[in-house]
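Worksheet for the structure shown next.
Protein chains in written order, with the numbering used here: chain G, 1 to 119; chain U, 1 to 119.
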């Protein structure tokens, strides 16, 4: 991780949707890329905000009171404690930034909790 | 800042190069967009890494021992304590993420130290 990180190249290494790839660090935060396809699970992070930047495609971040619609070049930070559920009708590519140790499924847990692979 | 942030729209609000625009927060980090045109100043941040994601154009992050060349969709995190000097021959658009209170000129200070405007 000593040099530039090409996000599209990293995304091409991911085998499937909702398997985040760890691409680097910013202090005690992790930088992840993920393919989103279909609906994830409703969850929240009580201790941290949650950063989403869409790199390609279209992402909907469902909140309980509205949907946040994001296209490429658009970002949204889900405030801590706010329930959300990402979904994409077609594959979308997303950059995520979260504190180290933050589980992708937040408080929900379950089978979709991912072990991030360094890519 | 309650809704999606369109990076290109935010960049269009910036009047000139090296005047960062504050577009949001991630916990105690600030999210900034900036136009880079020409050479900045050599500096370092002793207490934090420094995140650069190129959104358009081409950015060179000069380090003392090499140059990091970044095109759109490429990022680099300058490790804390490492001297660097960004430059762009033509205007490049960049997303920056830094802890609150981090000055853009790091330890160098001087006339190019910017007061970030929320945009």
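Cβ atoms here follow ideal geometry from the backbone N, Cα and C, with glycine treated the same way.
Supposed close pair residue i, residue j - CB separation, criterion 8 angstroms
i	j	result
residue 19 of chain G	residue 92 of chain G	No, residue 19 of chain G and residue 92 of chain G are not in contact; Cβ-Cβ is about 14 angstroms, not under 8 angstroms.
residue 85 of chain U	residue 39 of chain U	6 angstroms
residue 4 of chain G	residue 76 of chain U	5 angstroms
residue 83 of chain G	residue 48 of chain G	With 8 angstroms as the limit, residue 83 of chain G and residue 48 of chain G do not qualify as a contact, their Cβ atoms being about 14 angstroms apart.
residue 63 of chain G	residue 52 of chain G	So it is not a contact: roughly 12 angstroms between Cβ atoms.
residue 11 of chain U	residue 33 of chain U	5 angstroms
residue 70 of chain U	residue 61 of chain U	7 angstroms
residue 88 of chain U	residue 36 of chain U	4 angstroms
residue 45 of chain G	residue 102 of chain G	6 angstroms
Exposure label - residue i; buried when at least 16 CB within 10 Å
i	result
residue 107 of chain U	exposed
residue 100 of chain U	exposed
residue 13 of chain G	exposed
residue 74 of chain U	buried
residue 24 of chain G	buried
residue 16 of chain U	exposed
residue 111 of chain U	exposed
residue 90 of chain G	exposed
residue 8 of chain U	exposed
residue 21 of chain U	buried
residue 28 of chain U	exposed
residue 65 of chain G	exposed
residue 50 of chain U	buried
residue 78 of chain G	buried
One or two residues paired with residue i in a DSSP bridge
i	result
residue 62 of chain U	U/67 and U/85
residue 54 of chain U	U/94
residue 6 of chain G	U/74
residue 39 of chain U	U/87
residue 99 of chain G	G/29
residue 118 of chain G	G/22
Exercise. When you check each C-beta in the segment 72-85 of chain U against every C-beta of chain G, which residues fall closer than 7 angstroms?
Worked result: Under the 7 angstroms Cβ criterion, the segment 72-85 of chain U contributes 73, 74, 75, 76 and 77.
For this session: Could you name the residues of the segment 15-39 of chain U whose beta carbon sits closer than 9 angstroms to any beta carbon of chain G, in the order they occur along the chain?
Result: The residues in question are 23, 24, 25, 26, 27, 29 and 31.
For this session: Scan the segment 97-111 of chain G for residues whose Cβ lies nearer than 8 angstroms to a Cβ of chain U and list them as they occur along the chain.
Result: Correct list: 97 and 99.
Exercise. Between the segment 55-66 of chain G and chain U, which residues of the former have a C-beta closer than 8 angstroms to a C-beta of the latter?
Worked result: The residues in question are 55.
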